[in-house]
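Have a look at the structure below before the remarks.
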Amino acid sequence: MADAREHVLSGTRGTLTVREWPCERPRYVVLVVHGYGEHAGRYEELAGVLTGHGAAVYGPDHMGHGRSAGERVLIHDFEDVVMDVRAVAELATAAHPGLPVVMVGHSMGGLIAARYAQRYGAELAALVLSGPVIGQWETPRRLLAHAEVHGEIPDVPISPAALSRDPAVGAAYAADPLVWHGPMKRPTVQAFARTLETVAKDGAVRGLPLLWLHGEDDRLVPLPGSRVGVEELSGGAATVRIFPGARHEVFNETDRELVFADLKDFLDTVVGG
Numbered sequence: 026m027a028d029a030r031e032h033v034l035s036g037t038r039g040t041l042t043v044r045e046w047p048c049e050r051p052r053y054v055v056l057v058v059h060g061y062g063e064h065a066g067r068y069e070e071l072a073g074v075l076t077g078h079g080a081a082v083y084g085p086d087h088m089g090h091g092r093s094a095g096e097r098v099l100i101h102d103f104e105d106v107v108m109d110v111r112a113v114a115e116l117a118t119a120a121h122p123g124l125p126v127v128m129v130g131h132s133m134g135g136l137i138a139a140r141y142a143q144r145y146g147a148e149l150a151a152l153v154l155s156g157p158v159i160g161q162w163e164t165p166r167r168l169l170a171h172a173e174v175h176g177e178i179p180d181v182p183i184s185p186a187a188l189s190r191d192p193a194v195g196a197a198y199a200a201d202p203l204v205w206h207g208p209m210k211r212p213t214v215q216a217f218a219r220t221l222e223t224v225a226k227d228g229a230v231r232g233l234p235l236l237w238l239h240g241e242d243d244r245l246v247p248l249p250g251s252r253v254g255v256e257e258l259s260g261g262a263a264t265v266r267i268f269p270g271a272r273h274e275v276f277n278e279t280d281r282e283l284v285f286a287d288l289k290d291f292l293d294t295v296v297g298g
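Structure below.
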């Protein structure tokens, strides 16, 4: 895989840092939409798999995340993040005109990607959701209820052990200076709650091929809640892959080769083998 390049774009609330993993003769483009508190650089291995499969890969650090501008993990409105991702899509399609575009969203990135598909699905060839925050995710309700009583969002950091059965993944996450390890912020939690409702109300993206990947033992974004949202978003037409024993980050799991194989098989049906 060629070395990643870095772009800096003007986003809705400051500068955005975007990683590009180039492919010499790409067949398609992938936009990687990362999760809460992390950054696009954590998707290096996935990008390598995809560039080897014929994709030019782009991944922004969202506002307040990674190397992008903004107060850490502060998102007032996810519609702003959708517009930022659209700017990255425009960068990618200008560099690779005419190629099909696939969006891969993980966790919070799955919520962003779902909303993007509702707004701009006609511009996508496929949507891939990994452990998506969609449907009946109870965390925002619980956090906001606590804040109503106690005046603040509780400081409950993400446990590195919840990410993967591979201890090296948790150790790298805990040591990563670009990862946020503090509490969530009330405006961000409120934005989560609003956007979950918006995605549920705006309905299915019928006709858009959708692959749903999820760890059976995902305790951060439990499987049953996501299932509701994926079924609504896809109109019941999603391709589903549930990985026994896997935790939240299936792309970083001990059986990730199976995950990558399923992802490539799905992409072959969309962009050709």
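Heads up: take any position in the sequence shown, counting from 1, add 25, and you land on the working numbering.
In this text, a Cβ means the ideal position worked out from N, Cα and C, and glycines have one as well.
This one's a predicted model, so the numbers in the text were calculated from it and none came from an experiment.
Is residue i buried or exposed, if buried means 16 or more other CB atoms sit within 10 Å of its CB?
i, result
"R281", "buried"
"D28", "exposed"
"R30", "exposed"
"H175", "exposed"
"K210", "buried"
"S259", "buried"
"V275", "buried"
Please state if the CB of residue j and the CB of residue i are separated by a distance shorter than 8 Å.
i, j, result
"D127", "V265", "The sequence given here places Val at residue 127; Asp does not occur at that position. No; because the gap between Cβ atoms is not below 8 Å, this pair is not in contact."
"Y83", "A119", "no"
"I159", "L136", "yes"
"G73", "L203", "no"
"L152", "L99", "no"
In three-state DSSP terms, what is residue i?
i, result
"H171", "helix"
"P157", "coil"
"Y83", "strand"
"L71", "helix"
"E45", "strand"
"G39", "strand"
Taking the continuous beta strand (DSSP E) assigned at residue i, which residues delimit it?
i, result
"R244", "Per DSSP, R244 belongs to no beta strand (DSSP E) and is neither H nor E."
"F268", "264-268"
For residue i, which option in the options has the closest C-alpha, if you only look at C-alpha atoms?
i, options, result
"A114", "V98, P157, W162, L41", "L41"
"P165", "H90, S155, K226, V181", "V181"
"A196", "D227, P185, P202", "P185"
"G232", "G207, L248, G261", "G261"
"D109", "H78, Y141, P122, E63", "Y141"
"A80", "E63, L154, V57", "V57"
"G91", "H171, W205, A170, K289", "W205"
At what residues does the alpha helix (DSSP H) containing residue i begin and finish?
i, result
"Y305", "Look at the range of the chain in this structure, 26 to 298, and you will see that residue 305 is not part of it."
"V54", "Per DSSP, V54 belongs to no alpha helix (DSSP H); it is in the beta strand (DSSP E), 53-58."
"L292", "281-296"
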